[in-house]
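Residue numbers (this note's numbering): 20 to 409.
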């Protein structure tokens with residue numbers, strides 16, 4: 020029981036809850052600045068969600084890696100390969116969903132580029148795909164290297180990524196969206212039809228090159244988790260870890276002066292900075308929950324999300340797309356064309372939006388209700404002892 024750290028479950032669950040909150044506003048045109056990503060350089064609270072999740076992945080590794088070593092290389096590779104491929108497949112599945120779309124008031128099979136090949140334009144990259152690749156490479160490093168060596172490898176990866184970004188990027192501005200060296204890699208390896216099209220230029224925020232630096236987020240999470248397990252629930256453990264977190268934040272800030280903190284290209288300074296903030300957050304939870312033994316009733320809300328984190332995250336992306344196919348008429352456009360709505364948009368327009376003249380408030384209320392909706396599903400699964408592991 021002494022090995023169980025309830026605070027780490029709360030950290031993971033809170034990360035998932037915040038991830039759902041920022042991914043499901045009532046409307047993307049009305050969002051409070053802290054709930055939106057930084058336009059380019061910089062870091063908002065929303066930009067902490069993804070790295071915190073990767074940090075939590077590494078944290079969880081600290082509790083299972085010894086068992087994998089005892090099981091041997093064959094068991095390790097089977098576990099890591101199967102989990103990596105499964106998460107990759109789920110990510111591509113989510114990008115492709117809901118598989119059909121409305122076209123001239125008829126549901127047709129969804130395709131992007133070539134009607135004869137439905138997968139011809141499906142985006143290959145994504146959040147889950149980035150998680151899968153980071154998990155895969157970090158697992159190998161952690162399994163075969165001692166902790167100090169893993170830390171050195173992490174530092175080398177961050178430095179190499181910095182050098183590559185600077186040397187291979189556009190000489191005029193290597194840290195710009197257009198000048199980022201990873202664009203050419205993504206277009207050559209993955210192909211233009213399979214990349215993200217949401218920016219003004221062809222740029223994928225979960226591209227292949229960024230895996231170098233984001234993998235280190237998992238390694239740092241593992242090292243922090245291993246330190247917590249080894250030192251136990253002591254004040255010395257928390258203070259030492261807190262100092263390490265503050266040091267990483269300071270290093271990240273200093274590095275930002277020459278290699279800007281940037282989520283979309285996942286700069287090395289961003290990895291160091293966000294890892295430091297993740298450690299500091301965990302330290303406060305460790306102190307409050309494990310050392311002070313304060314009542315954690317309110318924190319159980321987040322623990323529920325931590326029981327089925329990946330499943331709830333995937334469901335929060337899949338369900339709105341499927342329900343969006345169930346539509347009904349909602350008036351006419353200015354040019355006389357029939358407009359349609361579905362359950363989630365209708366709920367925002369008729370329930371949340373009218374609550375305040377400030378559209379950002381209605382949008383936030385919708386996001387909060389969405390979090391509560393998925394919490395009820397997660398709570399039901401927890402009560403039924405259903406835990407969907409990936």
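Glycine residues also receive a C-beta, built at the ideal position from the N, C-alpha and C atoms. What you are looking at is a predicted structure, and each value in this text was computed from that prediction instead of being measured.
The alpha helix (DSSP H) enclosing residue i, as first and last residue numbers
i           : result
residue 255 : 254-275
residue 8   : For the chain, the structure presents residues 20 to 409; residue 8 sits outside this window and is missing.
residue 150 : 146-163
residue 65  : First-last for residue 65: undefined, no H or E at that position.
residue 142 : Neither: residue 142 is in no alpha helix (DSSP H) and is coded neither H nor E.
residue 28  : 25-42
residue 97  : 92-115
residue 384 : 378-402
residue 46  : No alpha helix (DSSP H) holds residue 46; DSSP gives it neither H nor E.
residue 241 : 230-250
residue 329 : 328-342
Option nearest residue i by Cα separation, candidates the options
i           : options            : result
residue 115 : 354, 143, 124, 127 : 143
residue 152 : 170, 183, 110      : 110
residue 74  : 99, 241, 334       : 241
residue 222 : 43, 255, 66, 209   : 209
residue 260 : 177, 306, 359      : 306
residue 61  : 264, 333, 287, 76  : 287
residue 106 : 150, 351, 25, 368  : 150
residue 284 : 388, 227, 250      : 227
residue 146 : 332, 280, 203, 324 : 332
residue 346 : 330, 365, 338, 336 : 365
residue 251 : 82, 70, 48         : 82
residue 295 : 239, 52, 253       : 239
residue 278 : 67, 48, 194, 169   : 194
residue 117 : 385, 392, 344      : 344
residue 140 : 159, 112, 36, 165  : 112
residue 397 : 58, 373, 388, 325  : 325
residue 158 : 70, 214, 100       : 100
residue 199 : 282, 165, 373      : 282
residue 180 : 69, 56, 229        : 229
residue 233 : 280, 102, 48, 33   : 280
With 16 other Cβ atoms within 10 Å as the buried cut-off, status of residue i
i           : result
residue 148 : buried
residue 276 : exposed
residue 124 : exposed
residue 91  : exposed
residue 95  : buried
residue 245 : buried
residue 405 : exposed
residue 273 : exposed
residue 127 : exposed
residue 257 : buried
residue 255 : exposed
residue 348 : exposed
residue 327 : buried
residue 122 : exposed
residue 163 : exposed
residue 186 : exposed
residue 235 : buried
residue 169 : buried
residue 353 : exposed
residue 359 : exposed
residue 407 : exposed
residue 85  : exposed
residue 317 : exposed
residue 217 : exposed
residue 190 : exposed
residue 376 : exposed
Whole-angstrom C-beta distance between residue j and residue i, which should lie under 8 Å
i           : j           : result
residue 399 : residue 320 : The pair is not a contact, with the Cβ atoms about 14 Å apart (cut-off 8 Å).
residue 50  : residue 390 : Wrong, their Cβ atoms sit about 15 Å apart, outside the cutoff.
residue 371 : residue 77  : Incorrect: roughly 36 Å between the Cβ atoms, too far for contact.
residue 220 : residue 263 : Rounded, the Cβ-Cβ distance is 38 Å, inconsistent with contact.
residue 291 : residue 270 : 5 Å
residue 87  : residue 176 : Not really, about 22 Å apart at Cβ, beyond 8 Å.
residue 243 : residue 161 : Residue 243 to residue 161, Cβ: 12 Å. No contact.
residue 29  : residue 308 : 7 Å
residue 42  : residue 361 : Incorrect: roughly 18 Å between the Cβ atoms, too far for contact.
Residues that residue i bridges to, as DSSP identifies them
i           : result
residue 347 : 360
residue 122 : 125
residue 198 : Its beta-bridge partners do not exist; DSSP assigns none.
residue 188 : Per DSSP, none; premise fails for residue 188.
residue 281 : 61
Residue i beta carbon near the ligand ZN (any heavy atom closer than 7 Å)
i           : result
residue 176 : Only the bare structure without any ligand can be found here, which leaves the ligand ZN out of the picture.
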